[in-house]
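Visitor: Heads up: the sequence shown begins at 1 in the UniProt record's numbering, then just goes up one per residue. Even glycine gets a Cβ: it sits at the ideal position worked out from N, Cα and C.
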Amino acid sequence: MRDPRYDILFEPMKIGPVTAKNRFYQVPHCNGGGYRDPSAAAEMRRMKSEGGWGVIFTEQTEMHHTSEITPFIELRLWDDADMPALAKMAKAMHEHGALAGVQLAYSGINGPNLYTKEVPRGPSALPIRTFTNDPVQARAMDREDIRDLRRWHRNAFKRAKQAGFDLVCLYGAHGFGIIQHFLSTATNQRSDEYGGSLENRSRLMRELIEEGRDAIGDTCGLTLRLSLDEMIGELGFANSEVRDMIEMHADLPDLWDLAHGAWEDCSGPSRFKEEAAQESLVSGIKKLTSKPVVGVGRFTSPDVMVRMIRSGTLDFIGCARPSIADPFLPRKVEEGRIEDIRECIGCNICITGDMTMSISRCTQNPTFMEEWRKGWHPERMQAKGDSDSVLIVGAGPAGLEAARALGLRGYRVAIAEAGTELGGRVARECLLPGLSAWGRVRDYRQYQLSQMSNVDIYFESRLTADDILSFGFQNVAVATGSTWRRDGVARSHVVPMPIDAAMPVYTPDDLMDGKVPGGNVVLFDDDHYYMGGVLAELMARQGAKVTLVTPSAYVSDWTRNTLEQGAIHRRLAELGVDIVLNRTVTNIASGGVVTACVYTGTKQELTADAVVLVTSRNQDAAVWRDLKARENEWAGNGIRSVKVIGDAEAPGPIAWATYAGHRFARELDEPDIGDALPFRREVTALAGD
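#1: By Cβ distance below 8 Å, which residues in the same chain neighbour Gly488 in space, the five residues on each side in sequence not counted?
#2: According to DSSP, is residue 698 part of a helix, a strand, or is it coil?
#3: To the nearest whole angstrom, what separates the beta carbons of Met512 and Arg428, a pair I think is in contact under 8 Å?
#4: Starting from Tyr25, trace the beta strand (DSSP E) in both directions and tell me its first and last residue.
#5: Just curious, the beta strand (DSSP E) that Gly318 is in, first and last residue?
#6: Measuring straight from C-alpha to C-alpha, what distance separates Val683 and Glu74?
#7: Pull up the distance between the alpha-carbon of Arg404 and that of Ala215, whole angstroms please.
#8: Is the stretch 503-510 close to the stretch 536-551, with three or more CB pairs under 8 Å?
#9: Among Gly434, Gly652 and Ala465, which has the Cα closest to the Cα of Arg571?
#10: Report buried or exposed for Met248, applying the criterion of at least 16 other Cβ atoms within 10 angstroms of its Cβ.
#11: Tell me whether Thr223 sits in a helix, a strand or coil according to DSSP, three-state version.
#12: Excluding sequence positions up to five away, which residues of its chain have a Cβ less than 7 Å from the Cβ of Asn200?
#13: Is DSSP giving Lys273 helix, strand or coil here?
#14: Return the CA-CA distance between Thr187 and Ser240, expressed in angstroms with no decimal places.
#15: Measure the C-alpha to C-alpha separation of Leu627 and Lys643 and round it to an integer number of angstroms.
#16: So Ser202 packs on Met245, CB below 8 Å; how close in whole Å?
#17: Could you tell me which residues DSSP pairs with Leu329 in its beta bridges?
#18: Consult DSSP for Trp372 and reduce its assignment to one of helix, strand or coil.
#19: Where does the unbroken alpha helix (DSSP H) through Arg570 begin, and where does it stop?
#20: Please determine if the stretch 311-319 and the stretch 289-297 are in contact, where contact requires at least 3 C-beta pairs separated by less than 8 Å.
#21: Per the contact definition of three or more C-beta pairs closer than 8 Å, is the stretch 170-186 in contact with the stretch 271-279?
#22: Quick check on Cys169: does DSSP put it in helix, strand or coil?
#23: Under a three-way DSSP split, which group does His64 fall into?
#24: Residues in the same chain with beta-carbon distance under 7 Å from Ile232, minus the five sequence neighbours each way, listed in chain order, please.
#25: What is the DSSP secondary structure of Thr352, counted as helix, strand or coil?
#26: Whole angstroms is fine: what's the gap from Leu548's alpha carbon to Val333's?
#27: For Leu258, which option in Val242, Cys266 and Arg225 has the closest C-alpha, if you only look at C-alpha atoms?
#28: Tell me whether the beta-carbon of Gln565 lies closer than 9 Å to the beta-carbon of Val441.
#29: Tell me the DSSP bridge mates of His174?
#30: Just to confirm the assignment, what range does the beta strand (DSSP E) spanning Thr187 have?
#31: Can you tell me whether Ala501 is helix, strand or coil according to DSSP?
#32: Going along the chain, which residues of its own chain have a beta-carbon closer than 6 Å to the beta-carbon of Pro71, five neighbours each way excluded?
#33: Can you say whether Cys597 is buried or exposed, counting buried as having 16 or more other CB atoms within 10 angstroms of its CB?
#34: For Arg302, which of Thr550, Gly32, Pro330 and Ala629 has the nearest alpha-carbon?
#35: Residues in the same chain with beta-carbon distance under 6 Å from Ile349, minus the five sequence neighbours each way, listed in chain order, please.
#36: Answer with buried or exposed for Lys88, where buried requires no fewer than 16 other C-beta atoms within 10 angstroms of its C-beta.
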């Protein structure tokens, strides 16, 4: 039963000629599938329709072959051959009453055209701006090019309507769209009628929208996605000018879709961006237009959503990451099940799918992008198989997710946790600077388990193989996690590095146990994800003089994929951390460390009072190995299966652990598929000769 204070979120809202059934608006987001995995992407969107979203959009959809962003894998609407995949997606979005939207993108100076080999086009002749700094430049568009661009947009509008979409969004945000490139004086240095004044720089936007409306008629809505502030200084399209432009064209699009700056600004992780972080930038814009406004801000709390509406800040609640973490968020609010919402933790693992050109993951929702590939529903499990009981050893993210999913299937589940609290690594990591949202991984599952009478939890229960063999559980999952190595083994050192016993050496586990070194500390980061940067921040805030050494050219290198690498570097620099790039630690001596250039081998010494090694992890899998060695005793003790999962099998990010726990629960008692693929895929059809 819905709480009346949330009624406002379920009011129907008009967007031009169409009406959304509520204010829940899934803004465009990538998923790593795109043109390669269209059925997987379509089923993922269909699930959101079932989950109650009023508006659902595709990801960035390239609308013409002269502007594409290979190697990134997005949707395409280059010609009629792309329409069946998009029509399938629109149909899926419609299935439970959502409006279906497509975001059309012409990438301009963000499109290197590495696949089509076309010369890129932009407002001015400038280098292509991509994540990988491709050595390509765009040529300045002349008037004929602009006429072509307008025609290509009209063609794309018509195809979008024919494919069944209710809404067409022109993409001019995050630095990725041609409209933004014309609006910004950083990228538009023209002196003709398309450059100079704001009115001139807005000309292309007006033409595309006016001609687009003619192309799609009065049955589709037309929306415009803009950056609220480019955040690049005087030459950028700043928030003040955005407001001037909106006031100047108040009723031009059917809806204003507003998002902060570059993608890193808009979708920054929870470590650097709070919920509703963009409120100040969007506040007051609704007064400039009679058309509805949607904004984003990693909204997970329905109370915050209501405040955004009642304060007159937004008309629609835009969500990308929260809609991934819980596709059924609107339905849970409507049914009065607020406590069942799987809140986004803002880790940005979902974004890494796009950045690595792979199928995306979600830490909270392991079914994301597996809805079609594996048939996994985010809210439903299949009935249990022909066994009845499962013992899960370890209550970290893998064990908790396995228990939750198995409990839903109807198994009798027991969790044996060696410690005194649930959560494993997330219970420890969520206490580190900026990572409090990590605790949601534990909190959501702890609450769900508390509602299940068929799941029992036993603390201070460190089990041996003898214990497990004697208990009589039919199935056993070993989810005992991992510990950080203190011998330096990782990528730079595949065998232990030389370490003088006189030097105090710490691991992340030591710091999470409260043993934080002071004085002059060298942190060697050969892990390259968030942990090294977080621990450097922790020590610096407690007064240590920290030098972070990494073999990479970037601090926390892999976080470039989570859009936080720049923020991490700035944070550490502000805290006075010395950052040493492209150097590895070769050995640890009694008074410091010896480093070597990764390219030349040139050595340097750094003095230190202590060393922190953030390298790799060892699986805590001793009980698994003991059980495996005694496999001949399983059947006699009533055991049908024993499996190691999560970090105990192979350490990885938290999302890998929750996925492993969920997969174990899904596959238990299912038929053996042998060498068959464990997921569906789409294979490119050969064209005729």
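Guide: Per the coordinate set shown:
#1: The beta carbon of Gly488 sits closer than 8 Å to the beta carbons of Pro496, Met497, Ile499, Phe524, Asp526, Val585, Ile588, Leu613 and Thr615 from its chain, once the five residues preceding and following it are set aside; these are given in chain order.
#2: For the chain, the structure presents residues 1 to 689; residue 698 sits outside this window and is missing.
#3: Between Arg428 and Met512 the Cβ distance is about 4 Å, and since that is below 8 Å, they are a contact.
#4: Start and end: Phe24 to Gln26.
#5: Segment Phe316 to Cys319, the beta strand (DSSP E) holding Gly318.
#6: It is roughly 17 Å from the alpha-carbon of Val683 to the alpha-carbon of Glu74.
#7: Their backbone Cα atoms lie some 50 Å apart in a straight line.
#8: When C-beta atoms of the stretch 503-510 are compared with those of the stretch 536-551, fewer than three pairs fall below 8 Å, so the two segments do not count as touching.
#9: Looking at Gly434, Gly652 and Ala465, the one whose alpha-carbon comes closest to that of Arg571 is Gly434.
#10: In the assembly as shown, Met248 is an exposed residue. Its beta-carbon has fewer than 16 other beta-carbons within 10 Å.
#11: Of the three classes helix, strand and coil, the one that applies to Thr223 here is strand, per DSSP.
#12: Glu193 and Tyr194.
#13: In the structure shown, Lys273 sits in coil (DSSP, three-state: anything other than H, G, I, E or B).
#14: Inter-residue distance for Thr187 and Ser240 is about 18 Å (C-alpha atoms, whole angstroms).
#15: Taking the straight line joining both Cα atoms gives about 10 Å.
#16: The pair is a contact, with the Cβ atoms about 6 Å apart (cut-off 8 Å).
#17: Paired residues: none, contrary to the question.
#18: Trp372 falls in the coil class under three-state DSSP.
#19: Where Arg570 is concerned, the enclosing alpha helix (DSSP H) starts and stops at Gln565 to Glu574.
#20: Counting Cβ pairs under 8 Å, three or more are found: they touch.
#21: No, the stretch 271-279 does not touch the stretch 170-186.
#22: Collapsing the DSSP output to three states places Cys169 in a strand.
#23: Coil, per DSSP.
#24: Counting only Cβ-Cβ distances below 7 Å, and skipping sequence neighbours, we find Ala186.
#25: The three-state reading of DSSP puts Thr352 in helix, counting H, G and I together.
#26: Here the alpha carbon of Leu548 sits roughly 45 Å from the alpha carbon of Val333.
#27: Checked all of Val242, Cys266 and Arg225; the closest Cα to Leu258 is Arg225.
#28: No, the pair does not count as a contact, with Cβ atoms beyond the cut-off.
#29: Answer is Ala262.
#30: Annotation: Thr187 is outside any beta strand (DSSP E) and is labelled neither H nor E by DSSP.
#31: Judged by DSSP in its simplified three-state form, Ala501 adopts coil rather than helix or strand.
#32: Counting only Cβ-Cβ distances below 6 Å, and skipping sequence neighbours, we find Met357.
#33: The residue is exposed, with fewer than 16 neighbouring Cβ atoms inside 10 Å.
#34: Going by the sequence as given, residue 302 is Pro instead of Arg. If we check each option's Cα against that of Pro302, Pro330 comes out closest.
#35: Answer for Ile349: Arg361, Thr363 and Ala655, listed in chain order.
#36: The residue in question, Lys88, is buried, as its Cβ has 16 or more Cβ neighbours within 10 Å.
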